[in-house]
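Numbering (full-length UniProt numbering), first residue to last: 1 to 932.
Ideal Cβ positions, reconstructed from N, Cα and C, are used throughout, including at glycine.
For clarity, every value in this text was computed on a predicted model and none was experimentally measured.
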């Protein structure tokens, strides 16, 4: 039964009706049943943390995934789409700590690990219903009933298996390394986590005077932006091959040593050998290479560690540069990666030595740093500076504005701290990682070739342990001295080794279990206290989501590697990286074939979207205002699909309705209305709506059908290459051609104002175009296409209950006529230019003009327009159209002007140079043509 199409449409309300329809027929479940037995198209969905609500980044990535998987389904594949949840780790624990006022491990131990983890478990899925509602509301079809959660014992057991495989391959080791450390979350972070959240901050920049043991007037000047590390200073370091100087202070006879090339960063140059400040003058009295300073001793700033006899001397290393500071770097080996490397190299500290690390797990000073004991390290900076000033150990104090890493979860500054951790060896895999990466296809390609490949080349060993509670426990049972270690790879193995039935793998369920030592005289082995970094869990999801290898062995190998994954560009150092590392280590291959990287969605002012700043519209409010289809199309028809940034504008979503959906809907409505009218007048009228059989006669019918089939070919080619950023603009352009050109220019035919046969042909053509178009557009705008399908299917009489069950149309290449497409394109250009001239001359359209002169490039263009000139008459309202190839006769001249609004923001400082170059090239082009 044909439904009447209302003149006005409320898109959000219609979408709600479609959602109800999908729910009534169990559309997604039905789709999956219908595709059983088809070839599999495998897709991995990266798990979001279950501790917040979806934002525009989630909606964008979800839309991209939905489009690609819908398209694959409608091209004859069975596509399993499982939703996943990242349940463990810092996001959950941080929420619990914040809610309950927990300041550190002591508070958690007091509550009890079992009680703490119960709190974590209880809030994990607090937002699940809102997630499901929003994901469904944007039209994404995905399986929430058969989801995977990283806290499921089956998932955790597969993580154990993956780790045990790496352990057996010798990829796992325990080491003490200086690592980024979150004092708010009381745990180290991996290098890729610390690289996710840099902020511009102002820190103190202090130049310290280290007094020589050998000469009471001689001082080494060392610069630091972390005064809190000075109580732990054990050495100084200089570059052995660079030139250093001695600067004599005229008023005191004190002599200061620093790098020559760094002097002018702190002192004003007066002459070749003289420098000054407002109150002092300094004279260069000696120059020498840094290597001559090696071994010189100095007096410690503090007495806390003066018993370490090998320390407090000058060392040399090439990591000291002339880029910043004084060229003398203070070494606190347990708070700096290079510091520890150098001090280990020179034997000032040893691997088995008790670390000089007087900072507790929450970042407060502890004994023996008595002067600042109990203070948070970053807060202690000002007190340390004041203390050293009082002791005349500071040369200068300033500030530096620089980028500094912050904890991605707590938004607190990270410190670098030596932590015993468990590591996966990655550095030795660099070649294999790059080869695995080469086997993958990325859109856009430059992210793979540059950003990701460069990250892989510099990959560090991965610290996978966290000193936390809510996570998958690391399955290592060790002796007290760590000389005997057993790695457990499954629940069954743990039950066999402990003699205990195991149903859960969280800390409270396994920490009390012991494994007998191989030596009966020794105490039993106990599990190490750490849990896995949650990134190791998400990186293991291809195996863990289906409990491989304990179940679904064949299914896994059929689905691995995935045909497709997609996430934001921030995941190049997150999920994409961990997926590749784990997969390469286990199978020496990439875990995915094709990948789409989306860029970041920013607020309209270019800033990061912030709930506290309220600088972006609420997604649900926007969907309720304009509809999910409009939001989807706005996001994917933007630079963000090419991994660029998008400044989100509500007006952009509104413009999709105005410029795309309303014209498209009106064309559909116009079609249905005229079919109803024709049916009421001519009871026996026969229209052909089978797009696989209809053959056009009229030139404009041939044109629009040729454009449609060219579009179909293009969509297939570009979707096979995952280039959504080329597909969507072409789809939108076709809608413009259909609505603003074909329908408008053929209104008389469609309304029956010509002949009956002509009307039947025009309506049949429009019906075929609309029915094919909704199939092409279905993955992109699932709601509006479903709405149209219900009415159009009255004519097409397909059996499928939903447009999303209908296969993609096969291109009818025999209908493609490039000559006609080119001819109409020339006609459109002529009409557009004629309208521009009318606007510039402020001549209203109702005023007929005597003549339009159209100057063309080729005879072919001229000939092709003869058939179409009546449209030019009508569209430009002119009495005569004159075609000519003689541009000189009409005094026509051409010039090239750069589009400054477009090029300016992109080229910035290069804009003028490029503009001048364009003018030079154009002038040369004119000269060559004149000569010819």
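Remark: C-beta atoms of residue 572 and residue 452 approach each other more closely than 8 Å. Going by beta carbons, residue 94 and residue 185 fall inside the 8 Å limit. Boundaries for residue 569: no beta strand (DSSP E) harbours it, and the DSSP string shows neither H nor E there. Residue 203 carries a strand assignment under DSSP once its states are collapsed to helix, strand and coil. Closest in C-alpha terms to residue 628, from the list 6, 7 and 14, comes 14. The closest CA to that of residue 325, considering only 220, 716, 283 and 86, is found on 220.
Separation of residue 267 and residue 299 (C-alpha to C-alpha, rounded to the nearest whole angstrom) is 25 Å. Counted as a single uninterrupted DSSP element, the beta strand (DSSP E) harbouring residue 331 occupies residues 328–331. For residue 392, there is no enclosing beta strand (DSSP E), since its DSSP letter is neither H nor E.
Rounded to whole angstroms, the gap between the alpha carbons of residue 534 and residue 141 is 26 Å. Distance check between residue 888 and each of 176, 669, 162 and 853 places 853 closest, using alpha-carbon atoms only.
For residue 485, the secondary structure class from DSSP, reduced to helix, strand or coil, is strand. The shortest CA-to-CA distance from residue 470 to any of 422, 537, 483 and 459 is the one to 537. Taken in chain order, the complete alpha helix (DSSP H) segments of 4 residues or longer contained in the stretch 897–921 are 900–907.
If you look at residue 237, you'll find it in the beta strand (DSSP E) that goes 235–238. The way I'd put it, the stretch 305–325 doesn't touch the stretch 272–285; fewer than three beta-carbon pairs between them come closer than 8 Å. Counting along the chain, the unbroken alpha helix (DSSP H) around residue 872 starts and ends at 869–876. In the displayed model, residue 175 falls within a strand according to three-state DSSP.
DSSP places residue 594 outside any alpha helix (DSSP H); the residue lies instead in the beta strand (DSSP E), whose first and last residues are 592–598. Within the stretch 728–780, the complete alpha helix (DSSP H) runs of at least 4 residues fall at 747–751 and 756–777.
Looking at the backbone, the Cα of residue 230 and that of residue 303 are separated by about 12 Å. For residue 799, there is no enclosing alpha helix (DSSP H), since its DSSP letter is neither H nor E. Counting the other Cβ atoms within 10 Å of the Cβ of residue 842 gives fewer than 16, which makes it exposed. Taking residue 761 as the centre and dropping the five residues before and after it, the same chain places the C-beta of 696, 697, 698, 701 and 749 closer than 8 Å to its C-beta, in chain order. Between the stretch 474–482 and the stretch 521–531, the count of C-beta pairs closer than 8 Å reaches three or more; the two stretches touch.
Residue pairing by DSSP puts residue 602 in a beta bridge opposite 647. Checking the DSSP bridge columns, you'll see residue 415 partnered with 181. The distance from the Cβ of residue 707 to that of residue 737 is about 6 Å, consistent with a contact at the 8 Å cut-off. Restricting attention to 802, 919 and 450, the CA atom closest to the CA of residue 789 is found in 802. For the pair residue 46 and residue 593, the Cα-to-Cα distance works out to about 15 Å. Per DSSP, the continuous alpha helix (DSSP H) segment holding residue 620 begins and ends at 619–626.
Counting only unbroken stretches of 3 or more residues, the beta strand (DSSP E) elements lying wholly within the stretch 58–110 are 82–85, in sequence order. Straight-line measurement puts the Cα of residue 49 at about 25 Å from the Cα of residue 460. Non-local beta-carbon contacts of residue 498 in its own chain, meaning distances under 8 Å to residues more than five positions away in sequence, involve 513, 514 and 515 in chain order. For the alpha helix (DSSP H) assignment, the stretch 213–278 encloses no uninterrupted run of at least 4 residues. The shortest CA-to-CA distance from residue 867 to any of 747, 363, 819 and 911 is the one to 819.
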